[in-house]
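Peer 1:
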Amino acid sequence: MIDLQRDGDVYVLRFDAGENRFGPDFLAAVEDALDTVAKNDGPGALVTAGTGKFYSNGLDLDWLGAHRDEFEPYLGRVHALYARLLTLPMPTVAAVNGHAFAGGAMLALAHDFTVMRTDRGYFCLPEVDLGMSFTPGMSALIRARLSAATAHEAMITGRRYTADEARAAGIVQRTAAEADVLPAAVELAASLAAKNGTVVGEIRTGMYGPALAALNGPPLG
Amino acid sequence: MIDLQRDGDVYVLRFDAGENRFGPDFLAAVEDALDTVAKNDGPGALVTAGTGKFYSNGLDLDWLGAHRDEFEPYLGRVHALYARLLTLPMPTVAAVNGHAFAGGAMLALAHDFTVMRTDRGYFCLPEVDLGMSFTPGMSALIRARLSAATAHEAMITGRRYTADEARAAGIVQRTAAEADVLPAAVELAASLAAKNGTVVGEIRTGMYGPALAALNGPPLG
Amino acid sequence: MIDLQRDGDVYVLRFDAGENRFGPDFLAAVEDALDTVAKNDGPGALVTAGTGKFYSNGLDLDWLGAHRDEFEPYLGRVHALYARLLTLPMPTVAAVNGHAFAGGAMLALAHDFTVMRTDRGYFCLPEVDLGMSFTPGMSALIRARLSAATAHEAMITGRRYTADEARAAGIVQRTAAEADVLPAAVELAASLAAKNGTVVGEIRTGMYGPALAALNGPPLG
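Residue numbers (the numbering used here), protein chains in the order written: chain A, 32 to 252; chain B, 32 to 252; chain C, 32 to 252.
What follows is the structure in structure tokens.
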């Protein structure tokens, strides 16, 4: 479902579960991997990546449909994952190898930087077209990481951004052909791995205070 | 004074009162039109437009001069108009056919998107040159919709932005020749009319919580 | 250590103390100069500039090392300087003639606009590489003046921005060759000197409420 490897100073966390939706087993596996990563001592950085044509499609709507009474704690768990990445004591890079939709797009936004594949895949917040609003935590995360104009367009129109469009809109920082996405992300992460991880975590915690408060608050506000 | 028509799924609200300043009668007419629009069921979107060389020049300073004791409730009413647009349960597009100054510029900013005329007209926040500050609600609205750099320049220098400059600064999203401004705005609005209006309103309400709190709070802070 | 001259309507405050670090004597001299400037009546604007290859390198770490028990009030004094500039009742322009690092970079950000020298000097927030986090006030100042993407990159990577890179990232508004930095800053300041200073100060105070609250709060949060 996931695979955690170390490449020099860089932890590479591959999501390998099809659309990489956030089912409970997927979340548990990612949480365990981040527990391992967070114990790192010395230089370190994290890259997350999907496989095939998906980075992640976000919430597991099938599971949610069968567990409606667990909606709120489930959202809280997803929020906690975003908050965990925002405060992770090391630099982080998302290797967006394919579609990053909805909660999966927000997962990419919770990283320091994103490298996105050019020939295929979209960054998209389709909630408006699914008849869904954003939780206070999600709304705060998106607003904190994107420009006002980009956040507005992405959230109100549900636009599907190609890699080039996402870079022009400031959503991702680099683009690469399919075969180069992961290497470029690892290279970027390696270039940052010598930063003091504790300080990196503290700086982000200070920068994103309001977003973290929203993510750590009641999931539905 | 105003004219409300429906063009397919798009409501077109034309301001037709010269400089389209926010006198009490103008505000009452716009409020009534928005009441009608808000009752829409099914696909829908709103375009607002001025006539001739003015979109709107904002506060009615002549009326205010004659009603100084009504300054605070008057500002509250203008704030409520901005808040109403920010929370309107359907996509909104401003067709800026001419000057959008001061409160009229902020009215445009309260829409989802703006199409601005290229050959004539400015977007301008001239308050600094009028010896006026911004209310907390207005300041929050501007900051929430523009980049930090653009908001600072616009508010501190009172710069008059042409359509091309406004687009480069991220103030407007599209530009068009005079005859094309309204058609382009209607086309953009029509492309968004199928969005679930309730969800659109909820998403904006979540995105602009602090600005809405300021707009709904005491007008002078 | 510093020199305050008046050039037409423009006050030119030169820092002339090597790296222009914020030692107590330097801070006292700048505070005195700002006291003088703030008494201005009529048209006025302020330009600050360094000398040689330094605009300012920020905190005086040597002095701090010898006065560890004064760390918190010292930070409070630096915060107060930033807050003073943000609320100064006249337009302000930083002439960044050389390196603007750490607290010195933030000093530039506390001005309305910055002109930066093209052939030499960097804008840099190197805290992460010094093993230091940002105080709540500093973090809030940076976030309020830069785009989310630029603030993140600058704070997490400690990138050294040349003038051209700083302009592309929205950190500075103009660039100039060495000999032209100060004249360009004075020209820009002069063009704004007729603004009503009180109103300028009020507009900024309204725009930067949260940053000012953080700068005026407990220095370490």
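Note that the Cβ used here is the ideal one computed from N, Cα and C, for glycine as well.
So what's aspartate 34 (chain B) in DSSP terms, helix, strand or just coil?
Peer 2: In the structure shown, aspartate 34 (chain B) sits in a strand (DSSP, three-state: E or B).
Peer 1: Would glycine 135 (chain B) and serine 87 (chain B) be called neighbours here (beta carbons separated by less than 8 Å)?
Peer 2: yes
Peer 1: Where do the ends of the alpha helix (DSSP H) carrying histidine 183 (chain B) lie?
Peer 2: Its alpha helix (DSSP H) spans residues 179-188.
Peer 1: Using a C-beta cutoff of 8 Å, does phenylalanine 144 (chain A) count as contacting chain B?
Peer 2: Look at phenylalanine 144 (chain A): its C-beta is not under 8 Å from any C-beta on chain B.
Peer 1: Is the beta carbon of valine 10 (chain C) less than 8 Å from the beta carbon of valine 159 (chain C)?
Peer 2: Residue numbering for chain C in the displayed model covers 32 to 252; residue 10 (chain C) lies beyond these limits and cannot be assessed.
Peer 1: Round the Cβ separation of leucine 9 (chain C) and leucine 140 (chain C) to the nearest angstrom and send it over; I've been treating them as touching at under 8 Å.
Peer 2: Residue numbering for chain C in the displayed model covers 32 to 252; residue 9 (chain C) lies beyond these limits and cannot be assessed.
Peer 1: Given a limit of 9 Å on CB to CB distance, which residues of the stretch 106-138 of chain A reach chain F?
Peer 2: Note that chain F does not occur in the displayed structure, where the protein chains are A, B and C.
Peer 1: Which parts of the stretch 127-154 of chain B are runs of the beta strand (DSSP E), unbroken and 3 residues or longer, counting only runs that do not cross its ends?
Peer 2: Correct list: 130-132 and 144-148.
Peer 1: With a CB to CB cut of under 6 Å and the five nearest residues on each side skipped, what residues in its chain are close to proline 167 (chain A)?
Peer 2: Ala245 and Gly252
Peer 1: Alpha carbon to alpha carbon, what distance is there between isoleucine 234 (chain A) and isoleucine 187 (chain C)?
Peer 2: Isoleucine 187 (chain C) and isoleucine 234 (chain A) have their C-alpha atoms some 7 Å from each other.
Peer 1: Let me know if aspartate 11 (chain B) comes out buried or exposed under the rule of 16 or more other beta-carbons within 10 Å of its beta-carbon.
Peer 2: With chain B represented from 32 up to 252, any question about residue 11 (chain B) goes unanswered, as that position is not in the structure.
Peer 1: List, in chain order, every chain C residue whose beta-carbon is nearer than 9 Å to that of arginine 191 (chain B).
Peer 2: In chain order: nothing, as chain C lies at least about 14 Å away.
Peer 1: Taking the alpha helix (DSSP H) that arginine 108 (chain B) falls in, what are its first and last residues?
Peer 2: 102-118
Peer 1: Which chain A residues are close to arginine 174 (chain C), counting only those with a beta carbon under 8 Å from its beta carbon?
Peer 2: Near arginine 174 (chain C) (Cβ distances below 8 Å), the residues of chain A are Met238.
Peer 1: According to DSSP, is alanine 80 (chain A) helix, strand or coil?
Peer 2: strand
Peer 1: Roughly how many whole angstroms lie between the Cα atoms of leucine 95 (chain C) and asparagine 51 (chain C)?
Peer 2: 15 Å
Peer 1: Would you mind reading off the limits of the beta strand (DSSP E) that contains valine 41 (chain B)?
Peer 2: First-last of the beta strand (DSSP E) with valine 41 (chain B): 41-46.
Peer 1: Could you check if alanine 245 (chain A) belongs to the surroundings of the ligand ATP, using beta carbon to heavy atom distance under 7 Å?
Peer 2: Judged by which ligands are present, the structure shown has none, so any question about the ligand ATP falls away.
Peer 1: Using a cut-off of 9 Å between C-beta atoms, extract the partners of isoleucine 187 (chain B) located in chain C.
Peer 2: Pro122, Asp143, Phe144, Leu223, Lys226, Val231, Ile234, Arg235 and Met238
Peer 1: Is the number of C-beta pairs between the stretch 116-130 of chain C and the stretch 98-105 of chain C that are closer than 8 Å three or more?
Peer 2: no
Peer 1: My assumption, with CB atoms under 8 Å, is that alanine 182 (chain C) sits in contact with arginine 174 (chain C). Please give the rounded CB distance.
Peer 2: 5 Å
Peer 1: Counting only the same chain and skipping the five closest in sequence on each side, list residues whose C-beta sits under 8 Å from that of glycine 201 (chain C).
Peer 2: Leu177, Ser178 and Thr181
Peer 1: How far does the beta strand (DSSP E) with alanine 207 (chain A) in it extend, from its first residue to its last?
Peer 2: 205-207
Peer 1: Does the distance from the CB of glycine 129 (chain A) to the CB of lysine 84 (chain A) come in under 8 Å?
Peer 2: yes
Peer 1: Can you tell me which of C:Ala224, C:Leu243 and C:Leu161 puts its alpha carbon nearest to the alpha carbon of aspartate 72 (chain C)?
Peer 2: C:Ala224
Peer 1: Indicate whether at least one CB of chain C lies closer than 8 Å to the CB of glycine 89 (chain B).
Peer 2: With 8 Å as the cut-off, glycine 89 (chain B) does not count as an interface residue toward chain C.
Peer 1: Can you confirm whether serine 164 (chain A), when its beta carbon is compared against all beta carbons of chain C, has any partner nearer than 8 Å?
Peer 2: no
Peer 1: List the DSSP bridge partners of alanine 125 (chain B).
Peer 2: B:Thr79 and B:Thr145
Peer 1: Fully enclosed by the stretch 205-230 of chain A, which beta strand (DSSP E) runs are 3 residues long or longer?
Peer 2: With a minimum length of 3 residues, the continuous beta strand (DSSP E) runs that stay inside the stretch 205-230 of chain A are 205-207.
Peer 1: Determine the DSSP secondary structure at phenylalanine 85 (chain A), reduced to helix, strand or coil.
Peer 2: strand
Peer 1: So for phenylalanine 57 (chain A), helix, strand or coil by DSSP?
Peer 2: helix
Peer 1: So for leucine 161 (chain A), helix, strand or coil by DSSP?
Peer 2: helix
Peer 1: With 8 Å as the threshold, decide whether the Cβ of histidine 183 (chain C) is near any Cβ in chain A.
Peer 2: Residue-level contact check: histidine 183 (chain C) touches chain A, since one or more beta carbons of chain A fall below 8 Å from its beta carbon.
Peer 1: Who are arginine 235 (chain B)'s beta bridge partners in DSSP?
Peer 2: Looking at the DSSP output, arginine 235 (chain B) bridges to nothing.
Peer 1: In this structure, does DSSP put leucine 251 (chain C) in helix, strand or coil?
Peer 2: Note: leucine 251 (chain C) maps to coil in three-state DSSP.
Peer 1: Are the CB atoms of glycine 75 (chain B) and aspartate 40 (chain B) within a distance shorter than 8 Å?
Peer 2: yes
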